[in-house]
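A short write-up of the structure that comes next.
Protein chains in written order, with UniProt numbering: chain A, 1 to 309; chain B, 1 to 262.
Structure below.
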């Protein structure tokens with residue numbers, strides 16, 4: 001089933017961390033396995049990289065913490081080796097970290113080099129994007145990663161009921177559009193031509209971190225954006241390129257978009273208000289941040305909409 | 001504001017159902033009418049309070065305030081009564097009803113009035129997908145737009161849509177009628193068995209075995225009567241769509257059945 005939500009403030013930053021938590025928590029019944037956020041803070045000069053060095057399902061054997069510490073030092077040394085000036089690397093949970101650094105080069109070799117460290121996955125990379133995802137409901141994830149204080153302009157989130165792959169962080173949404181900076185995707189549905197697209201994209205040199213079908217949407221869009229296509233055009237081509245049922249949300253540094261398959265098989269409720277646009281699988285999620293009566297509607301089949309902050 | 005229910009309900013192990021919850025008894029009752037605030041009630045508490053009022057107290061007119069887009073509100077009411085829901089409800093609102101007249105002043109989510117047996121449900125704003133799914137009787141009126149698969153598997157009754165309808169409207173409908181004032185999306189009437197769909201606007205495309213039929217004076221009379229009841233503006237003309245009966249294979253036996261007969 002899964003629940004997805006998105007919010008964009010068009011009149012300056014808001015408490016997107018707390019707002020997204022309220023939206024996702026109200027849809028807990030749609031997916032209790034894991035919760036994930038893609039949050040956009042104030043854009044900075046520095047690149048922010050969210051990464052994890054182990055999975056919560058992993059057993060903590062005798063040198064678990066030493067191994068993590070070694071891997072963390074390895075990340076720092078690899079960042080310096082590729083010419084990045086590290087600002088700081090901080091632990092966000094037992095196995096997830098946030099690094100900020102100055103770097104001018106290409107992102108793909110950097111991400112590939114870092115992910116070459118055993119157990120490491122780069123969750124997000126960008127000047128304002130930060131992806132946080134973990135097992136448990138939205139409240140649990142928000143509390144352990146202190147997302148209540150996060151201020152920003154827009155965000156998307158996802159509560160997952162695992163159907164196509166394992167319950168772990170690699171299978172949790174949102175997906176960063178590797179290796180494209182500041183783009184992330186959440187998806188509700190199933191893609192039936194996943195294996196074709198995965199083979200096609202792997203041949204083009206893209207890596208996949210999970211067995212989850214939703215990951216190809218992020219990489220698919222990233223490839224088209226890298227080819228110079230606009231976000232809206234890339235999303236429109238995805239409607240015929242992707243088979244199956246889907247409603248997905250995509251965020252970039254300054255915009256938020258939605259796309260729905262040609263049968264409108266998966267739900268999405270949209271509210272366009274003064275200074276903000278909110279979308280979610282259920283109206284109750286929007287009402288978690290806007291308690292008053294609102295006007296809302298379901299976008300139709302094959303619809304692609306994009307808003308900018 | 002009505003006083004909150006003091007007793008918190010116990011949830012099951014999944015944190016969803018509330019097996020031993022009781023009606024909060026917070027309604028203000030004045031003669032034949034009752035009003036209660038649903039802002040702090042769970043869907044189950046709302047429905048228990050509603051049942052207490054219409055069955056226990058025999059009150060014919062109940063208003064629910066602040067429904068807050070909650071799911072499954074006013075489900076399975078099997079008696080004649082008038083219910084006003086002042087705001088928006090989520091999925092499965094006003095479903096499985098037999099008799100009530102339900103007026104929702106806001107928007108509804110998916111599957112509103114699913115399996116309604118009789119009665120009237122009127123929605124002032126938009127509706128999600130699967131509106132009136134498997135409906136068997138009564139009138140379902142949506143003054144705004146509806147999503148996809150309106151009246152899927154409809155077996156009776158009338159669905160009236162003031163605005164546009166999405167993809168696969170009337171998918172597999174078996175009886176009853178739909179009156180769509182605006183445009184209808186692609187695949188309209190796909191695999192319909194019987195019944196009629198009247199469309200005032202444009203049809204994006206027809207589904208498998210759905211064909212246009214001629215409007216009769218009886219059709220126009222029926223539409224006029226329905227629009228008069230609900231005070232709606234009637235589009236100048238309607239087109240009528242019915243089943244082409246090309247997929248009717250009721251006389252043909254399955255190979256295994258044929259062996260039994262012969």
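We put the beta carbon where it would ideally sit given N, CA and C, even for glycine.
- According to the DSSP assignment, residue 110/A belongs to the alpha helix (DSSP H) that extends over 107–115.
- The three-state reading of DSSP puts residue 27/A in coil, since its state is none of H, G, I, E or B.
- According to the DSSP assignment, residue 195/A belongs to no beta strand (DSSP E) but to the alpha helix (DSSP H) extending over 194–203.
- Take the alpha-carbon of residue 94/B and the one of residue 42/B: they are about 16 angstroms apart.
- Within chain A, no residue has its beta carbon less than 8 angstroms from that of residue 103/B; the closest one is some 15 angstroms off.
- Straight across, the Cα-Cα distance linking residue 217/B with residue 224/B is about 10 angstroms.
- Listed along chain A, the residues sitting closer than 9 angstroms to residue 126/B by beta-carbon distance are 295, 296, 297 and 298.
- In the three-state scheme derived from DSSP, where H, G and I count as helix and E and B as strand, residue 265/A is classed as coil.
- Runs of the beta strand (DSSP E) lying entirely within the stretch 102–168 of chain B, each at least 3 residues long, are 118–123, 139–142 and 155–161 in chain order.
- When beta bridges are read from the DSSP output, residue 48/A appears opposite 100/A and 126/A.
- Identification of chain B residues near residue 264/A by a Cβ-Cβ cut-off of 7 angstroms yields 129, 147, 148, 166 and 167, ordered along the chain.
- Remark: C-beta atoms of residue 130/B and residue 111/B approach each other more closely than 7 angstroms.
- DSSP places residue 215/A in the uninterrupted alpha helix (DSSP H) bounded by 215–226.
- In terms of beta-carbon proximity, residue 87/B lines the interface with chain A, with at least one pair separated by less than 7 angstroms.
- Judged by their CB atoms, residue 266/A and residue 245/A are nearer to each other than the 7 angstroms cut-off.
- For residue 188/A, DSSP records a beta bridge to 247/A.
- Under the three-state reduction of DSSP, residue 45/B is assigned to helix.
- Look at residue 205/B here: in three-state DSSP terms it is coil, with no helix or strand label.
- Considering only 195/A, 185/A, 72/A and 198/A, the residue with the shortest C-alpha distance to residue 116/A is 72/A.
- In the DSSP annotation of this structure, the continuous segment of the beta strand (DSSP E) that includes residue 88/A starts and ends at 85–91.
- Around the C-beta of residue 91/B, 16 or more other C-beta atoms lie within 10 Å, and the residue is accordingly described as buried.
- One alpha carbon belongs to residue 32/A, the other to residue 169/A, and they sit about 13 angstroms apart.
- The residue among 204/A, 281/A, 36/A and 152/A with its C-alpha nearest the C-alpha of residue 247/A is 281/A.
- Per the coordinates, the alpha-carbon of residue 68/B lies some 41 angstroms from the alpha-carbon of residue 179/A.
- Collapsing the DSSP output to three states places residue 229/B in a helix.
- With a cut-off of 8 angstroms on Cβ pairs, the stretch 189–199 of chain B is in contact with the stretch 166–173 of chain B, counting three or more such pairs.
- Annotated three-state conformation of residue 234/A is helix, per DSSP.
- When C-beta distances to chain A are compared with 9 angstroms, the residues of the stretch 64–94 of chain B below that value are 66, 68, 69, 70, 71, 86, 87, 88, 89, 90 and 91, in chain order.
- If you draw a straight line from the Cα of residue 182/B to the Cα of residue 51/A, it comes to about 50 angstroms.
- When secondary structure is reduced to three states using DSSP, residue 192/B falls in the coil class, being assigned neither helix nor strand.
- Per the coordinates, the alpha-carbon of residue 25/A lies some 51 angstroms from the alpha-carbon of residue 215/B.
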